[in-house]
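Right, one structure below, let's go through it.
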Amino acid sequence: MRTLWLACALAATASLPARADDSSAALAAGGLVLEKTDKIALASEELYLSEKAVRIDYRFRNLTDADIETTIAFPMPDITGDREMLTAIPDPAHDNFLKFATEVDGRPVESQVEQRAFLIRNGAPPVEITDRLKGLGIPLMPTVEATEEALRRLGESRRLALAAAGILERQVHTDGTIADVPLWTLKSKFWRRQVFPAGREITVRQSYVPSLGSLSYGAPNVDPAQKAQYATRYCTEPAFEKAAKALYRRASADGSRSFQAYEQYLSYVITSGGNWAGPIGTFKLVVDKGDPATLIAFCGTNVKKTGPTTFEMVVKDYVPQSDIDVLLLKSGTNG
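Residue numbering for the sequence shown follows the working numbering, beginning at 268 and increasing consecutively.
Below you can see the structure in the form of structure tokens.
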């Protein structure tokens, strides 16, 4: 059962002064994905979420009397070339754009990376274009300067052919300049073969730098549908609105020149796992809001405040029913 709780919480219904380009989309990353098996149990999982780091500590147990070798994978968030919503990417110039790392029994291990590019249209099966892009010398990451430069180096006829194929969208600006916007989606995953020793436990730690999304509505009046969405996703309640409106009034009093308040959110995909035997034996969630002055809201059961910035939830025999979304409202003086 999802319970509603509040820790100096943010009123998700508040609207804070901001420019339109202050909006950005979070990349919803998650944890380890195991090949489906009933021979390996997840004895415990400890998840630490903050704006600067995500760490997941797994304790797996081989339930059999024989070694098991299987694939464990970490799917990275999809990256699209849509410019309607900016995307916050910690390290966009590299394949490992979330600075993902893995340790097994306390020792760093290397993982293989697989990257593929697809055209994804509503109602149509995805079409892979990885080889076509590589053949033209175009990086698979659609949102980096290197991709823009590679497209500029192509001849006009080739760019027109890519636009005709739906790979690029040609945009003509009011000043007459032309921009060719990538429309493909990059799908990435890190993976490795892992041996689970007979009858033993091993620990696996995964860590990465999260992608934070931000959003500001620009007006104090938010419609009921938006309020309902926030209540469902972040377990907000009327008290949130009061707190956030107070910050809005303070920030808007002088046009955010001396005081600013802005919203960020962090998403963690936990429902993609579950291929192990049974539920998670013990699941522990720690959320760290970083600054004691930051307001925070998320859904949880029997959540306890364990420090000035940390909150903890522990659940036995845990079966995730929904992903984890954390909402932050930051504020402070300028200068």
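Ideal Cβ placement from N, Cα and C applies to all residues, glycine included.
Taken through DSSP and simplified to helix, strand or coil, K509 comes out as helix. At a Cβ-Cβ threshold of 8 Å, V394 and Q461 do not count as neighbours.
For A528, the closest alpha carbon among the candidates D332, T549, L562 is that of L562.
Contact annotation: L435 and Q382 have beta-carbon atoms that are not nearer than 8 Å.
Cα atoms of V411 and A417: separation of roughly 10 Å, rounded to the nearest angstrom. Distances from the CA of N542 to each of V581, K303, Q379 were compared; the closest alpha carbon is that of K303. Remark: fewer than three beta-carbon pairs, one from each stretch, lie closer than 8 Å, so the segment 391-409 and the segment 495-505 are not flagged as touching. Under the DSSP assignment, L330 falls outside any alpha helix (DSSP H); it carries neither an H nor an E label.
Less than 8 Å divides the Cβ of L316 from the Cβ of L533. V321 and A492 have their alpha carbons spaced roughly 31 Å apart. Listed in chain order, the non-local C-beta contacts of T337 below 6 Å within the same chain comprise E302, local neighbours out to five positions each way being set aside. Looking at the DSSP output, R459 shares a beta bridge with I339. Taking every protein chain shown into account, the CB of V439 has fewer than 16 other CB atoms within 10 angstroms, so this residue is exposed. One alpha carbon belongs to T577, the other to L552, and they sit about 10 Å apart. Under the three-pair Cβ rule at 8 Å, the segment 364-378 does not count as touching the segment 420-437. When the alpha-carbon of D324 is set against those of A333, D332, E312, the nearest one is in E312. Counting other Cβ atoms within 10 Å of its Cβ, T347 reaches 16 or more and is therefore classed as buried. Just measuring C-alpha positions, the residue of L596, I339, G373, I335 sitting nearest E508 is L596.
Going by DSSP, D590 is part of no alpha helix (DSSP H) at all; its letter is neither H nor E. For A431, the three-state secondary structure derived from DSSP is helix.
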